[in-house]
Structures are given as structure tokens and as C-alpha cells.
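Participant: Let me begin by handing over the structure; questions about it come next.
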Amino acid sequence: MEYASDIDVYAVSVTTKPCFCKNTKCLKLYCECFAANTFCGDSCSCLDCKNLWSNVDERSKAMERVKEQNPKAFRAKVEGVKQGKGCHCKNSKCLKKYCECFQNSLPCDDAYCSCVMCENPVGARDHYVPAPGSGILPHKKHGPKPSKEVIAAMNGLVEYVTSCGGSAAILTGFYVKAHHRVRGNKNTTDYYFMFPNPLGGSDIKFRSRPEVARYLGLKNTSPGLKTPPYETIPPLINDNVNNDSSIMRASQIGNRMHEKEKKRRQKIVAMEKREEKKASRVENQGESIYNLKLPVPTSSMASSVESDIFAPGAPPKENMRK
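Counting in UniProt numbering, the sequence shown runs without a single skipped number right up to 322 at its last residue.
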């Protein structure tokens, strides 16, 4: 009974979820009872179980082996109303019951959780962040906490805008979005600067800091950087920085956008009409060929043909056969 004192502490709690182990002998973390520091009970349907009072020594050695690999293995998943271990969800967005936080109605915590694209309704970890000290509000009221890379990207945008003669206040509404993709055998992450679309629809995406500066009407002071021509919807006018020129510029850009959209729709309608005319023309040609009627040969037509062949001056019949 070398490990009996440790086991007495672990055996106090009683698990409410029975286990159904078949090959692990209930000595692996796959077993709900073993992972919860309790012994298997009558409600369990396990086979060849070793997680029993009668097998305390072997169970204790198995627990020590697991602790060497993971010191937090036998900690409570939820300690009172706080997180104990956190979740590591990758594809479920923390909306399934196998997420410890979602199952226990707890918010995901950045100190414990390492989930990806979290959408926990109780409290999610963010993947975008407002600029620090600028009074910028995030695009979403409730969201997961940002990562260090996203914070660094937003701070870099603030520094770039200030170097171009702007202030952090004009970045109201901007946020950073991380896009993960696989390139060859490596996982790469691209960071985009996003802005809510005032005209509705999807948010505007900026692929670089110079594009954001151009959108805000700032001059690019960094040498060697060429900003592609970028014209989009009018920028958000800050209440603290209102002037007539910005309002006029915003209205002009908005009018140009509406005109472009109108021309684009007119082109689509004209193209559809041309396709309809072409289809109807082909259909009419097919019907005319199908309805074409050939003359039916009659006895009078046959006699006229024979008279033409055997008329005086016509070649003899034998020569025609040759």
C-alpha cells in the first residue's frame, strides 16, 4: 500500500458518467472514471477492469506514469466556476458537447484554452483586436481574445498610419483577421485589415498597410512601397474629425460606385437579352428545317421525265446504260 494515501484523496469524488472501456483496462485517460480520479462503479460497462479498490497498486503505478507525461492530467476540468484545464477545439468552434467549456457553460479563457475560431456563446476567444489606447471599438461586441500576432499586426498598422501623418482615432472600426492556409508542407498565416462596409454586405478587406493609408486619404511616406490603385466605398467619417472636404470626397466616391454598379447591371441585362435572341433564332431554324415539305412524286411527273429522256435528239437508251 505504498500509494494508498494518494488514492484515498482521488477516490472521494464520484463520477456521474459511466465508462465503456474494452481494451484499455480502465487505466488510460480514455476512461472517464480513471481521468476523473475515481474508481469504476456498478453503472460502468467496462471489460477486464483494473480501476478497482482491489487493484490499487497497479492503478497507482499507472497514474504515476500518466503524471510523468502530463502533470495536469488528473486535475479537475472545472474548479468551481473557473477553468481548470481549458479546451483545445480546432474544428468544432467550441459549439459541441465534447468541448469542456461549452459542456460546463463556461467561457473560454485565453490563459487555459488554445481553441481555434472560437464561437463559445458564453464567452469566446477573439481573433482580432482594437488598437491599444486609441479608443477603437472592436467590430463585434462579444468575441474571443486576440493572439499575440494579431495584436502585433494591429500595432504595426497604428504605427504606419501615424508615420503617414494620421492618428489612431481615424482607425475606428478597423480590425485584424487571420487567415490560415497550407502552402506545400507548411502552414502559413496571412493577416488582413478589415473594415465594416457602410453600404452593407461583406466587410472590406485590405491586404497591406499602404492600402489602408490610401483608403483613409493619407500619403505613403515609406520609400519603395507602391500602393496599387484602390477605390472603394467612402471611409468612415469620425465625429471628432469632421470637415467639408472629407464629406465631399466621400459623396463623390459613393456616387461613382453607384454608377459603376448601375453600368454593370445594364451589361448583365443586355448580355441576357442577346443570349435569349440567339437561343430563339436557333430554335426557329430547327423548326423551319423540320417543317420543310418535299414534293410527292406523281404519275404525271414520271411521264414527263420519261418524255424528256426519250425525246427526239436524246441519246439512245443503250448509250445511257454504258
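We put the CB at the ideal spot given by N, CA and C, even for glycine.
How long is the line joining the alpha carbons of Arg-214 and Ala-169, rounded to whole angstroms?
Facilitator: Looking at the two C-alpha atoms, the distance is approximately 16 Å.
Participant: Could you tell me which of Asp-109, Thr-188, Leu-157 and Glu-259 sits nearest to Met-194, measuring between CA atoms?
Facilitator: It is Leu-157.
Participant: Where do the N-terminal and C-terminal ends of the beta strand (DSSP E) with Tyr-191 fall, by residue?
Facilitator: Segment 186 to 195, the beta strand (DSSP E) holding Tyr-191.
Participant: Buried or exposed: which applies to Ser-120, given that a residue is buried once 16 or more other Cβ atoms fall within 10 Å of its Cβ?
Facilitator: Inspection of the sequence shows that residue 120 is occupied by Asn rather than by Ser. Asn-120 comes out buried.
Participant: Assign Tyr-98 to one of three DSSP states: helix, strand, or coil.
Facilitator: It is coil, neither helix nor strand.
Participant: State the DSSP-derived secondary structure class of Tyr-160, mapped to helix, strand or coil.
Facilitator: Residue state, collapsed to three classes: helix.
Participant: Under 8 Å, with one C-beta from each stretch per pair, do the segment 35 to 47 and the segment 15 to 24 reach the 3-pair mark?
Facilitator: Counting Cβ pairs under 8 Å, three or more are found: they touch.
Participant: From the DSSP output, in three-state form, read off Ala-73 for me.
Facilitator: Ala-73 falls in the coil class under three-state DSSP.
Participant: Roughly how many angstroms separate the alpha carbons of Thr-188 and His-180, rounded to a whole number?
Facilitator: Roughly 6 Å between the two C-alpha positions.
Participant: Straight-line CA distance for Thr-271 to Val-282?
Facilitator: Correcting the residue type first, residue 271 is Met in the shown sequence and not Thr. C-alpha separation (whole angstroms): 17 Å.
Participant: Put Tyr-112 into one of helix, strand or coil per three-state DSSP.
Facilitator: Three-state result, Tyr-112: coil.
Participant: Just tell me which of Lys-186, Leu-171, Ala-178 and Ser-202 has its CA closest to the CA of Glu-211.
Facilitator: Considering only alpha carbons, the answer is Leu-171.
Participant: Can you determine whether any heavy atom of the ligand PLP sits closer than 7 Å to the C-beta of Ser-167, and answer yes or no?
Facilitator: Absence of the ligand PLP is noted for the structure shown, with no ligands found whatsoever.
Participant: Could you give the distance in angstroms between the alpha-carbon of Pro-138 and the alpha-carbon of Ser-92?
Facilitator: Any reading at Pro-138 must be qualified, since the residue scores a pLDDT of 44, below 50, and its modelled position is unreliable; the value itself is stated next. Taking the straight line joining both Cα atoms gives about 24 Å.
Participant: Using DSSP bridges, identify the partner residues of Phe-206.
Facilitator: Its beta-bridge partners are Phe-193.
Participant: If you draw a straight line from the C-alpha of Val-176 to the C-alpha of Phe-102, how long is it?
Facilitator: Those two C-alpha atoms are separated by around 26 Å.
Participant: With respect to the alpha helix (DSSP H) encompassing Glu-32, which residues constitute its N-terminal and C-terminal limits?
Facilitator: Counting along the chain, the alpha helix (DSSP H) containing Glu-32 begins and ends at 32 to 35.
Participant: Which residues does DSSP pair with Met-178 in a beta bridge?
Facilitator: As written in the sequence, residue 178 is Ala, which differs from the Met given in the question. Per DSSP, Tyr-191.
Participant: Looking at the structure shown, is Asp-48 part of a helix, part of a strand, or coil, going by DSSP?
Facilitator: Correct three-state label for Asp-48: coil.
Participant: Expressed to the nearest angstrom, what Euclidean distance is found between the alpha-carbon atoms of Asp-109 and Ala-62?
Facilitator: If you take the alpha carbons of Asp-109 and Ala-62, they lie about 30 Å apart.
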